[in-house]
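**Student:** Quick note: the sequence shown uses numbering that gives the first Met the number 0, first residue 0, plus one each step.
Each residue gets a CB set at the ideal place from its N, CA and C atoms; glycine is no exception.
These figures come from a predicted structure and were not determined experimentally.
Structure provided below as structure tokens; questions to follow.
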Amino acid sequence: MNAFINWLNKHIVPVAAKIGSVRWLIALRDAFITIMPAMMAGAVANVLNALIRDIPTQMHWMGIVSSMQWLIDINAMVWTGTLAILGLIFSFTFGYQLAVQYKVEPITGGIVTLGSFIISLPQNASIELGSALNKGAVKALTDAGAAVSGKDVSLWGYFNFGQFFGSTGFFTVMIMGAIASTVYIWLMKKNITIKMPDSVPPAVAKAFTGIIPATAALYIAGIIGYVFSKFGTTVIEFVAKTLQDPLLNLSQGFGAVLLMTVLVQVFWFFGIHGTNVLGPVMDSIWLTAQLANINAFQQGKELPYLWTRNSFDLYGWIGGAGSTLLLLFAILIFSKRDDQRSVAKLSIAPGFFNINEPVMFGMPIVLDPIYFIPFVIAPTVMVSIAYGAVSLGLVEPIKNQIIWSMPPVFNVLIATMDWRAVILQLFNMVVGFLIYVPFVKAANKIRPTEQ
Numbered sequence: 000m001n002a003f004i005n006w007l008n009k010h011i012v013p014v015a016a017k018i019g020s021v022r023w024l025i026a027l028r029d030a031f032i033t034i035m036p037a038m039m040a041g042a043v044a045n046v047l048n049a050l051i052r053d054i055p056t057q058m059h060w061m062g063i064v065s066s067m068q069w070l071i072d073i074n075a076m077v078w079t080g081t082l083a084i085l086g087l088i089f090s091f092t093f094g095y096q097l098a099v100q101y102k103v104e105p106i107t108g109g110i111v112t113l114g115s116f117i118i119s120l121p122q123n124a125s126i127e128l129g130s131a132l133n134k135g136a137v138k139a140l141t142d143a144g145a146a147v148s149g150k151d152v153s154l155w156g157y158f159n160f161g162q163f164f165g166s167t168g169f170f171t172v173m174i175m176g177a178i179a180s181t182v183y184i185w186l187m188k189k190n191i192t193i194k195m196p197d198s199v200p201p202a203v204a205k206a207f208t209g210i211i212p213a214t215a216a217l218y219i220a221g222i223i224g225y226v227f228s229k230f231g232t233t234v235i236e237f238v239a240k241t242l243q244d245p246l247l248n249l250s251q252g253f254g255a256v257l258l259m260t261v262l263v264q265v266f267w268f269f270g271i272h273g274t275n276v277l278g279p280v281m282d283s284i285w286l287t288a289q290l291a292n293i294n295a296f297q298q299g300k301e302l303p304y305l306w307t308r309n310s311f312d313l314y315g316w317i318g319g320a321g322s323t324l325l326l327l328f329a330i331l332i333f334s335k336r337d338d339q340r341s342v343a344k345l346s347i348a349p350g351f352f353n354i355n356e357p358v359m360f361g362m363p364i365v366l367d368p369i370y371f372i373p374f375v376i377a378p379t380v381m382v383s384i385a386y387g388a389v390s391l392g393l394v395e396p397i398k399n400q401i402i403w404s405m406p407p408v409f410n411v412l413i414a415t416m417d418w419r420a421v422i423l424q425l426f427n428m429v430v431g432f433l434i435y436v437p438f439v440k441a442a443n444k445i446r447p448t449e450q
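Spelled out as structure tokens, the structure:
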């Protein structure tokens, strides 16, 4: 065991540390964190509509739906301004956070990535009608700016709100935003800017400073968009088809889910915040899938993905990475060591709200060879059970966004709106608890000074 841990410490930990210090990944992580208020506001709207619209409709309580229609409409508007345009919001926060990391003017950095995202979108709506229009209809459409040719109607300046402004835009923001931000940051660092006299107010001076770098960055994005248009497509459509869709499909495989679970545990064992280090990867892929599910549920469509970002938290990381809440239960019941019992008593309350730093560093679990095996094995087994249950259709996939600090049972019920998911989570808790018990008993035979 010690040889294995030494090997991990030598070969894996340095890689994890380097990953965690990459400024682009830090910016990506912080950009996802920054959009959390919009995600949570949209989540509240979704949950409320599920309670006053979807569940009563299933129960044929249409009187409730009718009386609460005013709130249902308000919730729909809140969803429109939050989850429905999360990709648009993210397009600003990503550039902002990149600029913060490289210590250049951040507002302009956000504007650059926002503009590069809009440049990447199709701006022309094309509709093929079943039959040719009459002269009156043709005139009405052409007066509105549309081009009509037989059965084909084309309208410039139209953005497909539902298709591109949500989580579908994440990957395009990361690529086009990264390109545009690189140009902006490089020119800012080289001081290729308009310099204003000291007498000019700071806000005005900052705005002028970013003119040349921002213009150059947006022109680069414009050139890329123009090249793609000559091939009959757009950047976002190309990225979705060649990169985003394959990655999302790959993420639904059991191997990808298991690998991510194990990596997070291994990083955490060495004191590296695994969920933060791998957060950019998890959010880019599984959060994108989750938001697609949420929006599909809001629109009454079939959920496209089985496994999403919160699936890890609900079924494999109960009480935090490693499902340490279950370890605390095992210690309080079976441990005879006063030191571990004292830490468990102090850590149990935060653990219910998925805060496990007290047990990770207070026990500690970090670099403790006794708990390395269950710390990795318990979440792996629990995720495997949950993945099988969801894949077999025994439990509904996640369809609502939840707050990460929400305690067990409540979180899974709100996230899935499925009572069977509560049973699955409780079953997983029992399994994880039983995996930890033998190692807690083994720890009883070791004096604290011997560790």
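For the alpha helix (DSSP H) containing S310, list its first residue and its last residue.
**Tutor:** Taking the first residue of the sequence shown as position 1, residue 310 is located at position 311. It spans R308 to Y314 - the alpha helix (DSSP H) in which S310 sits, taken as one unbroken run.
**Student:** How long is the line joining the alpha carbons of M405 and R336, rounded to whole angstroms?
**Tutor:** As a working mapping, residue 405 is identified with position 406 in the sequence shown. As a working mapping, residue 336 is identified with position 337 in the sequence shown. Looking at the backbone, the Cα of M405 and that of R336 are separated by about 30 Å.
**Student:** Checking 8 Å against the spacing of the C-beta atoms, do N399 and I413 come in under that value?
**Tutor:** By one-based count along the sequence shown, residue 399 stands at place 400. By one-based count along the sequence shown, residue 413 stands at place 414. Yes, they are a contact pair.
**Student:** Run through DSSP, which three-state label would V147 get?
**Tutor:** Locating residue 147 in the sequence shown gives position 148, where the first residue counts as 1. Reduced to three states, the DSSP call for V147 is strand.
**Student:** Just tell me which of M195, I210 and G161 has its CA closest to the CA of I184.
**Tutor:** As a working mapping, residue 184 is identified with position 185 in the sequence shown. For I184, the nearest C-alpha among the options comes from I210.
**Student:** Tell me the DSSP bridge mates of W155?
**Tutor:** To locate residue 155, count along the sequence shown from 1; it is residue 156. Answer is N123, bridged to W155.
**Student:** Going residue by residue through the stretch 229 to 261, where are the continuous alpha helix (DSSP H) segments of at least 4 residues, counting only ones entirely within it?
**Tutor:** 234 to 238 and 244 to 250
**Student:** Restricting to Cα atoms, I'd like to know which of I174, F374, N294 and F311 is closest to F266.
**Tutor:** Position 267 of the sequence shown, counted from the start, is the residue given in the question as residue 266. Comparing Cα positions, the closest option is F374.
**Student:** Take the Cβ of Q57 as the centre, count every other Cβ of all protein chains shown within 10 Å, and call the residue buried at 16 or more, exposed below.
**Tutor:** Sequence index remark: in the sequence shown, residue 57 carries index 58 (1-based). It counts as exposed.
**Student:** Less than 6 Å between C-beta atoms, sequence neighbours within five positions excluded: which residues of the same chain meet that for T107?
**Tutor:** Position 108 of the sequence shown holds residue 107. So the list reads G209 and A213, once near-sequence residues are dropped.
**Student:** Please report the Cβ distance between Y95 and G86, rounded to the nearest whole angstrom; I am assuming they are in contact, meaning their Cβ atoms lie under 8 Å.
**Tutor:** Locating residue 95 in the sequence shown gives position 96, where the first residue counts as 1. Locating residue 86 in the sequence shown gives position 87, where the first residue counts as 1. With a Cβ gap of about 15 Å, Y95 and G86 do not count as contacting.
**Student:** What residue range is occupied by the uninterrupted alpha helix (DSSP H) comprising V342?
**Tutor:** What you label residue 342 is simply residue 343 of the sequence shown in a count that begins at 1. Residues D337 to F351.
**Student:** Are at least three pairs of beta-carbons, each pair with one atom in the stretch 41 to 53 and one in the stretch 71 to 91, less than 8 Å apart?
**Tutor:** At 8 Å Cβ cutoff, the stretches touch.
**Student:** Does the distance from the C-beta atom of N410 to that of I397 stay below 8 Å?
**Tutor:** Taking the first residue of the sequence shown as 1, we reach residue 410 at position 411. Taking the first residue of the sequence shown as 1, we reach residue 397 at position 398. No.
**Student:** I'd like the span of the alpha helix (DSSP H) that includes Q96, first residue to last.
**Tutor:** For the purposes of this step, residue 96 is identified with residue 97 of the sequence shown, where counting begins at 1. From DSSP, the alpha helix (DSSP H) with Q96 extends over L85 to Q100.
**Student:** Alpha carbon to alpha carbon, how far is T141 from N123? Give it in angstroms, no decimals.
**Tutor:** Position 124 of the sequence shown, counted from the first residue, corresponds to residue 123. Position 142 of the sequence shown, counted from the first residue, corresponds to residue 141. Taking the straight line joining both Cα atoms gives about 14 Å.
**Student:** Evaluate contact between the stretch 282 to 297 and the stretch 238 to 255, counting only Cβ atoms and requiring at least three cross-stretch pairs below 8 Å.
**Tutor:** By the C-beta criterion, the stretch 282 to 297 is judged to be in contact with the stretch 238 to 255, since at least 3 inter-stretch pairs fall below 8 Å.
**Student:** What's the C-alpha gap between A26 and V103?
**Tutor:** As a working note, residue 26 is residue 27 in the sequence shown. As a working note, residue 103 is residue 104 in the sequence shown. C-alpha separation (whole angstroms): 13 Å.
**Student:** Can you tell me where the alpha helix (DSSP H) with I117 in it begins and where it stops?
**Tutor:** For the purposes of this step, residue 117 is identified with residue 118 of the sequence shown, where counting begins at 1. Looking at the DSSP string, the run of the alpha helix (DSSP H) that includes I117 is P105 to I118.
**Student:** Could you spell out the range, first to last residue, of the alpha helix (DSSP H) harbouring V25?
**Tutor:** Here the question's residue 25 lines up with position 26 in the sequence shown. The residue you asked about is not Val; residue 25 is Ile in the sequence shown. Element bounds for I25: R22 to T33.
**Student:** At what residues does the alpha helix (DSSP H) containing E356 begin and finish?
**Tutor:** Indexing the sequence shown from 1 puts residue 356 at position 357. Where E356 is concerned, the enclosing alpha helix (DSSP H) stretches over E356 to G361.
**Student:** Kindly say whether G165, judged by its beta-carbon, lies nearer than 8 Å to any beta-carbon of chain D.
**Tutor:** Given the protein chain composition of this structure (a single chain), no chain D is represented.
**Student:** Within a Cβ cutoff of 7 Å, which residues of the same chain sit near V380, ignoring the five residues on either side of it in sequence?
**Tutor:** Against the sequence shown, residue 380 aligns to sequence position 381. Only V430 and I434 meet the Cβ criterion.
**Student:** I need the DSSP call for P279, collapsed to helix, strand or coil.
**Tutor:** Along the sequence shown, read from residue 1 onward, the residue named residue 279 stands at position 280. Looking at P279 - three-state DSSP - the assignment turns out to be helix.
**Student:** Would you identify the three-state DSSP class for S322, choosing helix, strand or coil?
**Tutor:** As a first step, residue 322 is located in the sequence shown; it is residue number 323 there, counting from the start. Coil.
**Student:** Give me the Cα-Cα distance between S346 and I71, rounded to the nearest whole angstrom.
**Tutor:** Taking the sequence shown and counting its residues from 1, the one referred to as residue 346 is at position 347. Taking the sequence shown and counting its residues from 1, the one referred to as residue 71 is at position 72. So the two alpha carbons sit approximately 40 Å from each other.
**Student:** Taking the CB atoms as reference points, tell me whether V21 and S90 lie closer together than 8 Å.
**Tutor:** On the sequence shown, residue 21 is found 22 positions in, with the first residue counted as 1. On the sequence shown, residue 90 is found 91 positions in, with the first residue counted as 1. No, the Cβ-Cβ distance between V21 and S90 is not below 8 Å.
**Student:** Is W69 buried or exposed, if buried means 16 or more other CB atoms sit within 10 Å of its CB?
**Tutor:** As a first step, residue 69 must be located in the sequence shown, where it is residue number 70. Answer is exposed; the Cβ neighbour count stays below 16.
**Student:** Is it buried or exposed, I51, if we count other Cβ atoms within 10 angstroms and call 16 or more buried?
**Tutor:** Position 52 of the sequence shown, counted from the start, is the residue given in the question as residue 51. I51 comes out buried.
**Student:** Can you give the Cα-Cα distance for A98 and S119, rounded to whole angstroms?
**Tutor:** The sequence position of residue 98 within the sequence shown is 99, counting from 1. The sequence position of residue 119 within the sequence shown is 120, counting from 1. Rounded to the nearest angstrom, the two C-alpha atoms are 21 Å apart.
**Student:** Could you check which residue in L313, S383, K188 and L217 has the C-alpha nearest to that of F352?
**Tutor:** Sequence index remark: in the sequence shown, residue 352 carries index 353 (1-based). When only C-alpha atoms are compared, the closest one is L313.
**Student:** Put F328 into one of helix, strand or coil per three-state DSSP.
**Tutor:** Here residue 328 is taken as the residue at index 329 of the sequence shown, counted from 1. Three-state result, F328: helix.
**Student:** Smallest Cα separation from I520: which of P196, V111, S115 and I193?
**Tutor:** Only positions 0 to 450 of the chain appear in this structure, which leaves residue 520 out of reach.
**Student:** Taking G270 as the reference, give the member of L326, T232 and F371 with the closest Cα.
**Tutor:** What you label residue 270 is simply residue 271 of the sequence shown in a count that begins at 1. Residue F371 holds the alpha-carbon nearest to the alpha-carbon of G270 among L326, T232 and F371.
**Student:** Cutting at 7 Å between CB atoms, please list the residues of its own chain near K440, excluding the five before and the five after it.
**Tutor:** What you label residue 440 is simply residue 441 of the sequence shown in a count that begins at 1. Cβ within range, chain order: F333.
**Student:** When DSSP labels each residue in this structure, what does D53 get in the three-state scheme?
**Tutor:** Within the sequence shown, numbered from 1, the residue matching residue 53 stands at position 54. Helix, per DSSP.
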